[in-house]
Amino acid sequence: GRFAFFGLIITQCYFLSAYLANYEGTSNWYLMVFSFGPAVFVWIFFLFFDALYLGCLFQIWGLYIVALVVNIAMVFGKVGDRIDKTEFLGPTVLEMVLCITPLLLLLLLNTGDLDDSDDEEREIVSKLCLPMAVDLFDGIEMIDIVLEEREHDFGIPKAFSTAMIVFACLSILASPWQMEEIKRTKEGPEIRVCTALCRNIVQIVLVNLPFLVIRAVVFFKFGKDESIFIAKNGIAIILSIMEICNLLRLRRVRQEDQIV
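Here it is as C-alpha cells:
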C-alpha cells in the first residue's frame with residue numbers, strides 16, 4: 001500500500017506539471033513537481049522512523065491538499081482554455097489524474113502505523129474514509145464538468161466554468177478540516193463541537209449549496225445530466241443541517257454538565 005501511495009502521488013504531480021510544460025512549451029514548468037515536496041518529504045521522514053501515526057497522517061494530507069489545489073489552479077489558470085482533446089495530455093487524462101486523489105486518501109489513512117495502536121485510531125479512520133472520499137469525488141466531478149465542456153461544447157460560459165473551478169478548489173481545501181473534528185480522549189474519540197459546527201456551516205454555504213445551484217444550471221440550461229450529484233448535494237445539505245442541530249444539542253448538554 002505504501003509503494004502504491006508513493007507511486008500514485010509521484011504520477012499525479014508529474015502529470016499535472018506535464019500539462020503546464022506541454023501547453024506552455026517550456027520544461028521549466030516541471031519544477032512544479034516540487035510543490036508536492038513537503039508532503040512527500042514529511043511522509044518519507046515519518047515512514048523512516050516508523051512514526052506514521054494518525055496525527056502525522058493528518059499533517060501530510062494537509063500539505064498534499066495545498067499542493068494539489070495550487071497545481072489545479074495553475075493548470076486551469078494558465079492552460080485550461082488550450083487543453084486539446086486530440087492530444088494525449090487532454091481532458092480525459094487530466095480527469096484520470098485528478099481521480100487519483102480519493103485513492104491517495106484511502107491509501108494514506110489505511111497504511112499508517114496503526115498496527116500496534118488501540119481500536120480508537122481505527123475507529124477514527126473508519127469514520128473519516130468514506131465521507132472524505134465522497135466529498136473529494138464531488139469536487140473532482142465539478143472539475144470534470146469543465147473538462148467535458150472542452151470535449152463536447154455544452155455552451156457553458158468561461159466565467160461560469162471559472163466559478164466551478166473556484167468552488168471545486170474550495171471543496172478540496174476543506175478536506176483536511178474534516179480530520180480536525182475528532183480528537184482522542186481517555187473515554188474514546190470525541191467531537192470538537194465548535195470545529196464541527198464551523199465546518200458544517202462552511203460545507204453548506206461554500207460547497208454543497210453552490211454545487212447544487214451550479215449543477216442545476218448545468219442540467220436545466222445546458223442539458224448535461226447532473227441529476228445524481230444534484231441529489232447528492234441536496235442530501236448533503238440536509239445531513240449537514242441535521243448534524244448542526246445534533247452538535248448544538250451536544251454543546252448544550254456539555255455546558256449543563258459543566259455547570260453541575
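Going by UniProt numbering, 93 is the number at position 93 of the sequence shown; the sequence numbering is gapless.
Just so it is clear, CB atoms sit at the ideal spot from N, CA and C, and this is done for glycine as well.
Alpha carbon of residue i to alpha carbon of residue j, nearest angstrom
{"i": "W43", "j": "G62", "result": "12 Å"}
{"i": "F5", "j": "Y19", "result": "22 Å"}
{"i": "W177", "j": "D84", "result": "35 Å"}
{"i": "K183", "j": "T26", "result": "46 Å"}
{"i": "M242", "j": "L173", "result": "23 Å"}
{"i": "L8", "j": "F34", "result": "15 Å"}
{"i": "L130", "j": "L106", "result": "9 Å"}
Residue span of the alpha helix (DSSP H) that contains residue i, given as start and end
{"i": "P91", "result": "P91 to L98"}
{"i": "I65", "result": "L54 to K78"}
{"i": "S171", "result": "K158 to L173"}
{"i": "R82", "result": "Here R82 belongs to no alpha helix (DSSP H), and DSSP marks it neither H nor E."}
{"i": "I44", "result": "G37 to F48"}
{"i": "T11", "result": "R2 to E24"}
{"i": "F222", "result": "L209 to F222"}
Nearest residue (CA-CA) to residue i, options the options
{"i": "L108", "options": "E226, T195 and L57", "result": "L57"}
{"i": "T11", "options": "V66, N200, R82 and T101", "result": "T101"}
{"i": "C194", "options": "R254, V97, I60 and Q59", "result": "R254"}
{"i": "S171", "options": "T162, D135 and E180", "result": "D135"}
{"i": "D138", "options": "R199, G234, W29 and Y14", "result": "G234"}
{"i": "G55", "options": "R122, R199 and V218", "result": "R122"}
{"i": "A163", "options": "I143, E181, F154 and S175", "result": "I143"}
{"i": "P38", "options": "I60, A168 and D153", "result": "I60"}
Test item: CB-CB of residue i and residue j under 8 Å
{"i": "C99", "j": "I72", "result": "no"}
{"i": "residue 261", "j": "T111", "result": "Nothing can be reported for residue 261: it is not among the residues displayed for the chain, which extend from 1 to 260."}
{"i": "S240", "j": "I204", "result": "yes"}
{"i": "K78", "j": "E24", "result": "yes"}
{"i": "F41", "j": "A67", "result": "no"}
{"i": "residue 343", "j": "F219", "result": "The first residue shown for the chain is 1 and the last is 260, placing residue 343 beyond what the model contains."}
{"i": "D180", "j": "P91", "result": "It is worth fixing the name first, because residue 180 is Glu in this sequence and not Asp. Going by C-beta atoms, E180 is not nearer than 8 Å to P91."}
Residues that residue i bridges to, as DSSP identifies them
{"i": "I191", "result": "I182"}
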